[in-house]
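Notes to accompany the following structure.
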Amino acid sequence: MCGIVGAIAQRDVVPILQEGLRRLEYRGYDSAGIAVITANSALQCRRAAGKISQLSALLDQSPVAGHLGIAHTRWATHGEPTTANAHPHLSSDKIAVVHNGIIENHEELRAELQSSGYVFSSDTDTEVITHLVHYYLLETHCLLSAVERTLTRLHGTYAIAVAAAGEAGRMIAARQGSPLLIGVGVGEHFIASDVMALIPVTQQFIFLEDGDIADIHLDAVNIFDAHGAPVERPMQMSGLSADTIGRNGYRHYMLKEIFEQPEALTETLAGRFADGHVLENSFGDKAASIFDRVREVRIIACGTSYHAGLIASYWFDEIAGIPCRVDVASEFRYRQPVVTPDTLIVTLSQSGETADTLAALEEAKRCGFKYSLSICNVPESSLVRASDLVLMTRAGPEIGVASTKAFTSQLVALMMLVLVLGRRHALSLEGEAGIIDELLSLPAAIHQVLQLNDEIK
Ligand code: GLU
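Just so it is clear: in the sequence shown, position 134 is 119 by this note's numbering, and no numbers are missing.
In structure tokens form, the structure reads like this:
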């Protein structure tokens, strides 16, 4: 799952899209592309395999400009990382689509579209979306309805943006299982898969929810939920500034983030203790009443977060005296768990947008697990919104793909949970106070270790 940026404005959007793509580079990608609606309402597309600098070189040779455009960095899931497979994908030079995610039923849809005469020019799953929109546009003569109909045909995950020749004042965005947000400017609107992409142009964001479709114009945004009903999603201010995401003199982001661990842990610990106790409300209003009932913990996570969960599972047993098991989210989704009534489902995710973790939480609720808590680093994320209780790690944006400060902050947050549950079970008052002392001295201890950097080298 890679990056999406889009813009509709009274100025040329190509520089905004290029800058947005550059800001998403940290996620990794194999190709990039951009499509704009030009002054005469035609669709123009430029794509390049490799780095964004290659796309920029192409744009220098063969410039495009327009007031509406969509752009993408691709991380191939279906088809080689080539120019032909790079997004945007077009249908009859009329429809352009960028997509993050995976369409699981793309083979059936491809066969169906081919039998209706559509010719495919890529190996991607995404191209079926483009032709479906084209097909339904011929039937409905309305871009929004065409996208709505298309979405009913898709199985899988997506964040998409759609632009159409002849529609210079409108783009459509939709999400299911992949993040997508709208940036609100003054008389202009943007979309992106990640706040980072839009920080230079706005700080105001509307986060789409799963199933949402947004009809985006220069001066208006209309959002419809999974049932087609108009909905209002709240506008939120982002605290991120362009500075937060610089490298600050470090050779790469991961190094910077390793050195940010003392600060990240200090933030995670701040204001959450008093008199040798963890303050339970740090987990939310309903924390005490839920914690009183919990007899078992089940952690669900992916990748690094899963490993943080594995470490904590020892603590739950040894320190809190509470049984704990840990599931990989992608596996949990497909098993039939025995539902124990007093189990707390704990999901861990840096971004709060990890698709498998979100789906696993939904599945856990569907099976009948009653209590959920998420430990997360992004307050406005889907996981936070879907959980009863939340403990924010406050590690700041983590750009390095290999997690460092988010991982250590998760461990600290998990230990806080061990303490609040443990005090109801095997943990004594002195035991809790002792661990809190150690937690509070961690930032300084890590700082000391990092000071040894040159010697260790
Ligand atoms: N599945 C699509 C492809 O392979 C999208 C990949 C992505 O999310 O970047 O082209």
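Backbone N, C-alpha and C fix where the C-beta goes; we use that ideal spot for every residue, glycine too.
Model, not experiment: these values are computed from the prediction.
Let me know the secondary structure DSSP gives residue i once reduced to three states.
i      : result
Cys127 : coil
Arg32  : strand
Tyr444 : Since the first residue shown for the chain is -14 and the last is 442, residue 444 is missing from the structure and cannot be characterised.
Gln321 : coil
Asn362 : coil
Phe209 : strand
Gln221 : strand
Gly141 : strand
Ile444 : Lying outside -14 to 442, the shown extent of the chain, residue 444 is not represented and no answer is given.
Gly172 : coil
Ala340 : helix
Could you give the distance in angstroms between the alpha-carbon of residue i and the alpha-carbon of residue j?
i      : j      : result
Glu124 : Ala199 : 21 Å
Thr38  : Ile330 : Going by the sequence as given, residue 38 is Ser instead of Thr. Roughly 44 Å between the two C-alpha positions.
Leu254 : Gly407 : 18 Å
Phe268 : Ala42  : 49 Å
Asp302 : Glu440 : 38 Å
Leu295 : Met401 : 15 Å
Ser130 : Thr187 : 29 Å
Thr62  : Gly35  : 16 Å
His57  : Gln3   : 10 Å
Val405 : Leu374 : 13 Å
Thr67  : Ala33  : 8 Å
Where does residue i land, buried or exposed, given buried means 16+ other C-beta within 10 angstroms?
i        : result
Arg320   : exposed
Cys(-13) : buried
Asn70    : buried
Tyr299   : exposed
Ser426   : exposed
Gly437   : Reading off the sequence, residue 437 comes out as Leu, not Gly. Classification of Leu437: exposed, given that the 10 Å Cβ count is below 16.
Ala429   : exposed
Arg318   : buried
Give every residue of the same chain whose Cβ lies closer than 7 Å to the Cβ of residue i, excluding the five residues on either side of it in the sequence, and list them in chain order.
i      : result
Ala153 : Ile22, Ser26, His52, Leu53
Gln161 : Thr142, Tyr143, Asp195, Gly196
Cys352 : Pro322, Val324
Pro73  : Gly18, Ala20, Cys30, Ile55, His57, Ala81, Val82, Val83
Ser107 : Gly64, Ala69, Asn70, His74
Lys241 : Arg232, Asn233, Tyr235
Nearer than 7 Å: is that true of the beta carbon of residue i relative to any heavy atom of the ligand NAD?
i     : result
Thr68 : By its list of ligands, the structure shown excludes the ligand NAD, since it contains just the ligand GLU.
With residue i and residue j assumed to form a contact (beta carbons below 8 Å), what rounded beta-carbon distance in angstroms separates them?
i       : j      : result
Leu9    : Ala159 : Rounded, the Cβ-Cβ distance is 19 Å, inconsistent with contact.
Ile(-7) : Glu173 : 6 Å
Ile304  : Leu412 : 6 Å
Thr332  : Ala286 : 6 Å
Gly170  : Phe190 : That belief does not hold up - the Cβ atoms of Gly170 and Phe190 are roughly 11 Å apart, past 8 Å.
Ile431  : Pro247 : 5 Å
Using a Cβ-Cβ cut-off of 6 Å (strictly less than) and excluding sequence neighbours within five positions of residue i, which residues of its own chain qualify?
i      : result
Glu365 : Phe192, Gln221
Asp134 : Looking at the sequence provided, one finds Arg at residue 134 rather than Asp. Result list for Arg134: Tyr121, in chain order.
Leu399 : Ala297
Asn362 : Gln335, Thr378, Ala380, Ala391
Verify the CB distance criterion: does residue i have a CB-CB separation below 8 Å to chain B?
i      : result
Ile208 : Considering every chain present, this structure includes no chain B. It has just one protein chain.
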